[in-house]
Ligand SMILES: [Ca+2]
Ligand SMILES: [Ca+2]
Ligand SMILES: [Ca+2]
Ligand SMILES: [Ca+2]
Ligand SMILES: [Ca+2]
Ligand SMILES: [Ca+2]
Ligand SMILES: [Ca+2]
Ligand SMILES: [Ca+2]
Ligand SMILES: [Ca+2]
Ligand SMILES: [Ca+2]
Ligand SMILES: [Ca+2]
Ligand SMILES: [Ca+2]
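Written as structure tokens, this is what we have:
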């Protein structure tokens, strides 16, 4: 969609799905790494995140700090450069663990320089070992993805039974991947490394 | 106006617009960088800022820490020198995300040495990637800008429809720019780099 | 069981037992160590842990920091690498001291590189000298272990009398070890060191 | 007056004016810099100061950290030496932004070694760029200054209209300076640099 | 007793006495020092300790930091090695100053390598200069010590009059030492240095 | 008196006077400096001190950090050695600014190695420049000093009028010094430097 295309046009932004008071909605997780010359360090979290969602961010970061080298990500960047995760809109309180995959993807996108694919949205809790754990609100989230023009949605394997509740015509227009490890999420959600080189050309 | 001219006569001050209990008002964001010899570090925020507004300041700072070099700003200054953002009046509580563009402009003005233009006021939330997100109170803010003698106002693109609510005679006397990236804000709000040299001459 | 096998297939995950509002349940404690290049330090705790459970994590870590060398664990890793302990599910509040043995086992598994055995679950408070102190809910915890396909359960020696309350057919299908020192737990719960070498081969 | 003479006889003490439950009162702001050999650092604030008044102290310090070199103050002292600002009496809660000029003067007095003039009292909020902003209670503050034997009072320019409320016989005995930049305050309130040399002779 | 013998068999554990809702009880204070290679620092306190009891731990530590060298304790260990004091059971809240002597003894035992004597229990507040100050609950504490098979109890000198309330047959089976300086406590409660060498042989 | 003699027999303890619910009482302020080898730093405050009393301790320390060299005190000790101030009894909450002179004396005693005189008690707030400010409860405090066998009491000059309320027979048995600078307190309350040498002989 135009909006997700615009938002995810730079590395560091991933498209998530949330349940709100009035249904579901698309949500963007933005990550930044400070210029090492600017002297920043540590992890900054903004977007009026609740306790559970702040913990999701810490889990996403620790996952990459402990497993990032296996994924060929330059984890040394996390040492010298302050990490900031933000979830607009700034004034709206948000909570829950289901943005875990989205936060991990935003950070991995930033570290790898591979933008997230504009047609992919995702939802799922992440554990410290990278397992994707089930979340709530699958129906509302898929309806919201569909409304936003998303064509591919990633959900936790253990949420597959919830697809029964989603209207068939919506499912027909979405490619849904059920995943159990966050590495599958990264494979499906990040643009291929080649894409980056093409952009730089 | 005399007041905005006086307030923005030095780099580091930008003119924002706020909604108050009794309408709208002009508000100044002041930024300072400590002398490196004075040993200060980190980010200090004052002006009885609420949680959302404090997060806006962190976003503005992280935006410049991660993208400042692209903008040819000397981000190394942020390492050695304590940053302080203050929003007078000191005793009045303030909150909300809409000063994001103003905070980014005040900091960029300070780093670049380019004073903000005295005839420009602005409002808009900023995301970590520099996108300008919509805010509330466009009508009250434009009325306040007009009352204060401001001639140019910067608003988020997604707030353009709100201009319909602003009296035509006020719009006639204002140049309104609808922006979607904070780089547009910096281009429009900061005095040209030449101006600084002229001052130094 | 398939789930515990999957969860404990990597070093750093141990299977505990908890009392919940509706009986007992199996719970996984996950530990990670940051890549030294990533610059992380200190102890991060997530999973909506209550005060007592956070203290259990500190005790588990201090036990290994003071006694780990005797156990031939590479405690120097704790200096250079940030430690993170997480207990999914992320949104469910948890408290109490009875995950002490599980936390100690998860950390020792990570440091030793020896995965925890998939057929073993455990419960018990740990003191700073490594003594295993009694806990509550033995009956519910053993029923939960049995339901989850666990075949070996470790309980504190001082809880042996509580086995009288457990149905005989459940006890018949479980091997229960009553332990008084956490070193016994590590001996029984971690895969032999050889296993690791075989995996690496 | 004897008391203000005694209190301001050493560099680092400035005389302010406050509104209390029963009218106005003279108040002293004391500043100290730790001996570099004593190893102290940072900013310590005492005197049961409220949030707004603590922010005033941070603003005063940042103003001097960013502009002190222009004022020929030895800002390097702020790096190596812990700064302490205290407002007696220790048990009386105090708040509000109007001691900003007094705090700036106390610190500048300490850094310059120039004692504050015993016959001068002051009130005014200070912004981060050194602007003196209006405050409340001008009438009560001038009556208090007069009662305490003060002969010169510094007030914000924007408070000049409030002088209409002050009894003419009190105004006749006071020299009132309306100031808009804190540099004017320092010029009027600090003893000339020569005075210090005379004392040292 | 078997339990105190087991608990105090290693250096770093001392036997205290507490008043509980249902009378008195024996309580163990455990201390650990992190392996210097593990990189830990500072003081960690666990066991759901209240504010007063946390302060007792700080006093015990500061006493040893300032007077330990006189007592021929290797206080340099406190620099390089994180100190942890824990009072099981982990889930039971505890408070009050009367574990001061027990905390000091546990730490001194750890530093000296001399285990605490298994037949000795103690109660008493400690001041920063090592004075033993009076506490409450002497009767309940001595009854609890007697029940637990303790044969020697250390109490503050100023609590000697409270011995009148203790049943004579209990007093007949206890050796009670009234002490006024914590050095007397250490002399009476720690095994002789020779004992350690014998153990090491 | 025997108790004050015993308590003040070592450097670092000074005798203060407090108002309690039931009249006045003698109170001891204890100070310690950690062995530099033990690695402690900073200021630790214990004794259930309220906010105002904690600020008094910070003022006492800053006074000595900024003026200690003039008083020929070895302020470098404050850099390398953790400072701890404790006011027994540990479980009794205390507050108010009137222990300022006592805290300054305890610290100066410790730094100088000169014990406080056992026959002297004191009360008074201290400002950051060392001025002794008035306090409450003079009558109750002098009665308490007299009951405790104290023969010399130091009070703030501005409290001299309160002596009218003290019974004449009590005043006849006390030497009362009214002081306005904390240096007078130190001169009157600390044993002469010679005394220390005599003790060391
Ligand atoms: Ca999501
Ligand atoms: Ca959820
Ligand atoms: Ca604004
Ligand atoms: Ca808004
Ligand atoms: Ca458990
Ligand atoms: Ca339990
Ligand atoms: Ca004032
Ligand atoms: Ca005011
Ligand atoms: Ca005890
Ligand atoms: Ca007690
Ligand atoms: Ca006192
Ligand atoms: Ca008082």
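Residue numbers (my numbering), protein chains in the order written: chain F, 8 to 208; chain E, 8 to 208; chain U, 8 to 208; chain H, 8 to 208; chain A, 8 to 208; chain L, 8 to 208.
Just so it is clear, CB atoms sit at the ideal spot from N, CA and C, and this is done for glycine as well.
Mapping DSSP to helix, strand and coil, what is residue 159(E)?
Here residue 159(E) is taken as the residue at index 152 of the second chain, counted from 1. Three-state DSSP puts residue 159(E) in a strand.
Please look up how many angstroms separate the CB atoms of residue 84(F) and residue 118(F), rounded, as I've assumed it's under 8 Å.
Residue numbering aside, residue 84(F) sits at position 77 when the first chain is read from its first letter. Residue numbering aside, residue 118(F) sits at position 111 when the first chain is read from its first letter. In this structure residue 84(F) touches residue 118(F) by the C-beta definition: roughly 6 Å separates them, less than 8 Å.
If we count the other Cβ atoms within 10 Å of its Cβ and call it buried at 16 or more, is residue 42(E) buried or exposed?
The residue you call residue 42(E) lines up with position 35 of the second chain. With 16 or more other Cβ atoms within 10 Å, it is buried.
Spatial distance of residue 22(L) from residue 123(L) (CA atoms):
Counting from 1 along the sixth chain, the entry for residue 22(L) is found at position 15. Counting from 1 along the sixth chain, the entry for residue 123(L) is found at position 116. If I take the Cα positions, the gap works out to 8 Å.
Any residues in the segment 118-141 of chain L with a beta carbon nearer than 8 Å to a beta carbon of chain H? Which ones, in chain order?
The residues in question are 132, 134, 135, 136, 138 and 140.
Beta-carbon neighbours of residue 114(A), restricted to chain U and to distances below 8 Å:
Residue 114(A) sits at position 107 when you count from the first residue of the fifth chain. Within chain U, no residue has its CB atom less than 8 Å from the CB of residue 114(A), the nearest being about 12 Å off.
Looking only at its chain, what residues have a beta carbon closer than 7 Å to the beta carbon of residue 149(F), apart from the 5 residues adjacent to it on each side?
Here the question's residue 149(F) lines up with position 142 in the first chain. For residue 149(F), where only same-chain residues beyond five positions count, the Cβ hits under 7 Å are 160, 173, 177 and 181.
Cβ-based neighbour list, residue 97(H), same chain, cut-off 8 Å, excluding 5 preceding and 5 following
Numbered from its first residue, the fourth chain carries residue 97(H) at position 90. Same-chain partners within the cutoff: 53, 54 and 55.
Between residue 31(L) and the rest of its own chain, which residues show a CB-CB distance below 7 Å, the 5 nearest in sequence each way excluded?
Counting from one through the sixth chain, the residue named residue 31(L) turns up at place 24. Closer than 7 Å at the Cβ level, and outside the excluded window around residue 31(L), lie 24, 25, 144, 147, 148, 150 and 151.
Please report the residue range of the alpha helix (DSSP H) in which residue 10(F) lies.
Stepping through the first chain from its first residue, residue 10(F) is reached at position 3. Looking at the DSSP string, the run of the alpha helix (DSSP H) that includes residue 10(F) is 9-14.
According to DSSP, is residue 25(E) helix, strand or coil?
The residue you call residue 25(E) lines up with position 18 of the second chain. In the three-state reduction of the DSSP assignment, residue 25(E) falls in the strand class.
Comparing the C-beta of residue 55(L) with each C-beta of chain H, is any distance below 9 Å?
On the sixth chain, position 48 is the one that residue 55(L) refers to. Not closer than 9 Å to any Cβ of chain H, the Cβ of residue 55(L) fails to qualify, so no.
Between the C-alpha atoms of residue 11(A) and residue 126(A), what's the straight-line distance to the nearest angstrom?
Along the fifth chain, read from residue 1 onward, the residue named residue 11(A) stands at position 4. Along the fifth chain, read from residue 1 onward, the residue named residue 126(A) stands at position 119. Approximately 7 Å between the Cα atoms of the pair.
Can you list the residues of chain F that residue 251(E) reaches, using a CB-CB cut of under 7 Å?
One cannot answer for residue 251(E) here, as it falls past the ends of chain E, which runs 8 to 208.
Does DSSP classify residue 76(L) as helix, strand or coil?
Numbered from 1 along the sixth chain, position 69 holds the residue referred to as residue 76(L). For residue 76(L), the secondary structure class from DSSP, reduced to helix, strand or coil, is coil.
Thinking C-beta only, is residue 36(H) closer than 9 Å to residue 109(H)?
Sequence index remark: in the fourth chain, residue 109(H) carries index 102 (1-based). Sequence index remark: in the fourth chain, residue 36(H) carries index 29 (1-based). The answer is yes: Cβ separation under 9 Å.
Look at the alpha carbon of residue 73(A) and the alpha carbon of residue 156(L), and state the distance between them as a whole number of angstroms.
Counting from one through the fifth chain, the residue named residue 73(A) turns up at place 66. Counting from one through the sixth chain, the residue named residue 156(L) turns up at place 149. Separation of residue 73(A) and residue 156(L) (C-alpha to C-alpha, rounded to the nearest whole angstrom) is 30 Å.
Alpha-carbon spacing of residue 184(F) relative to residue 77(U), whole angstroms
Sequence index remark: in the first chain, residue 184(F) carries index 177 (1-based). Sequence index remark: in the third chain, residue 77(U) carries index 70 (1-based). Computed Cα separation, rounded: 47 Å.
Within 9 Å, strictly: CB atoms of residue 89(U) and residue 189(U)
Residue 89(U) sits at position 82 when you count from the first residue of the third chain. Residue 189(U) sits at position 182 when you count from the first residue of the third chain. No, these two residues do not count as a Cβ contact at 9 Å.
Just list the residues that DSSP pairs residue 50(F) with in beta bridges.
Taking the first chain and counting its residues from 1, the one referred to as residue 50(F) is at position 43. According to DSSP, which records beta bridges pairwise, residue 50(F) is partnered with 90(F).
Under the assumption that residue 105(U) contacts residue 197(U) (Cβ atoms under 8 Å), give the Cβ distance between them as a whole number of angstroms.
Here residue 105(U) is taken as the residue at index 98 of the third chain, counted from 1. Here residue 197(U) is taken as the residue at index 190 of the third chain, counted from 1. So it is not a contact: roughly 19 Å between Cβ atoms.
9 Å Cβ cutoff, residue 198(U) in contact with chain F:
Counting from 1 along the third chain, the entry for residue 198(U) is found at position 191. Closer than 9 Å: no.
Where residue 20(A) sits in the DSSP three-state scheme
To locate residue 20(A), count along the fifth chain from 1; it is residue 13. In the structure shown, residue 20(A) sits in a strand (DSSP, three-state: E or B).
For residue 71(E) and chain F, any beta-carbon pair shorter than 9 Å?
The residue you call residue 71(E) lines up with position 64 of the second chain. Yes, residue 71(E) counts as interfacial toward chain F.
Members of the segment 30-53 of chain H that neighbour chain L once the beta carbon cut-off is set at 7 Å
When CB distances to chain L are screened at a threshold of 7 Å, the residues of the segment 30-53 of chain H falling below it are 37, 39, 40, 41, 42, 44, 45, 46, 47, 51 and 53, in chain order.
For residue 208(A), three-class secondary structure by DSSP:
By 1-based counting over the fifth chain, the position of residue 208(A) is 201. Here the model assigns residue 208(A) a pLDDT of 44, short of 50, so the residue's position is not dependable, and the following value carries that caveat. Residue 208(A) falls in the coil class under three-state DSSP.
One question on the structure: do residue 19(A) and residue 70(A) come within less than 9 Å of each other, judged by their Cβ atoms?
Indexing the fifth chain from 1 puts residue 19(A) at position 12. Indexing the fifth chain from 1 puts residue 70(A) at position 63. By the CB criterion at 9 Å, residue 19(A) and residue 70(A) fall outside the cutoff.
Hey, residue 111(A) and residue 47(A): beta-carbon distance below 9 Å or not?
On the fifth chain, residue 111(A) is found 104 positions in, with the first residue counted as 1. On the fifth chain, residue 47(A) is found 40 positions in, with the first residue counted as 1. A distance of 9 Å or more separates the beta carbons of residue 111(A) and residue 47(A).
Let me check understanding here. Comparing Cα to Cα, which of 120(L), 103(L) and 14(L) lies closest to residue 60(L)?
In the sixth chain, residue 60(L) corresponds to position 53, counting from 1. For the residues 120(L), 103(L) and 14(L), the minimum Cα distance to residue 60(L) belongs to 103(L).
Contact set for residue 153(F): own chain, Cβ-Cβ below 7 Å, skip 5 residues either direction
As a first step, residue 153(F) is located in the first chain; it is residue number 146 there, counting from the start. Same-chain partners within the cutoff: 177, 180 and 181.
Proximity test, Cβ basis, 9 Å: residue 9(H) and chain L:
For this step, residue 9(H) is matched to residue 2 along the fourth chain. No, residue 9(H) lies away from the interface with chain L (no Cβ there is under 9 Å from its Cβ).
Take residue 44(H) as the anchor and find which of 192(L), 200(L), 121(L) and 75(L) has the nearest alpha-carbon.
On the fourth chain, residue 44(H) is found 37 positions in, with the first residue counted as 1. Ranking 192(L), 200(L), 121(L) and 75(L) by Cα distance to residue 44(H) puts 75(L) first.
Should residue 203(H) be flagged as near chain L, meaning a C-beta pair shorter than 9 Å?
What you label residue 203(H) is simply residue 196 of the fourth chain in a count that begins at 1. Unreliable positioning characterises residue 203(H) in this predicted model, as indicated by a pLDDT of 49, which lies under 50. The coordinate reading is nonetheless provided below. Residue-level contact by beta carbon fails for residue 203(H) and chain L, as no gap is shorter than 9 Å.
Short of 8 Å Cβ to Cβ, which residues in the segment 75-93 of chain U face chain A?
Here the close residues are 75, 76, 82, 83, 85, 86 and 87.
Kindly indicate which residue of 40(A), 13(A), 33(A) and 167(A) has the alpha-carbon position closest to the one of residue 81(A).
For the purposes of this step, residue 81(A) is taken as residue 74 along the fifth chain, with counting starting at 1. When only C-alpha atoms are compared, the closest one is 40(A).
Determine the closest residue to residue 120(E) out of 29(E), 28(E) and 193(E), with distance taken between C-alpha atoms.
For the purposes of this step, residue 120(E) is taken as the residue at position 113 of the second chain. For residue 120(E), the nearest C-alpha among the options comes from 193(E).
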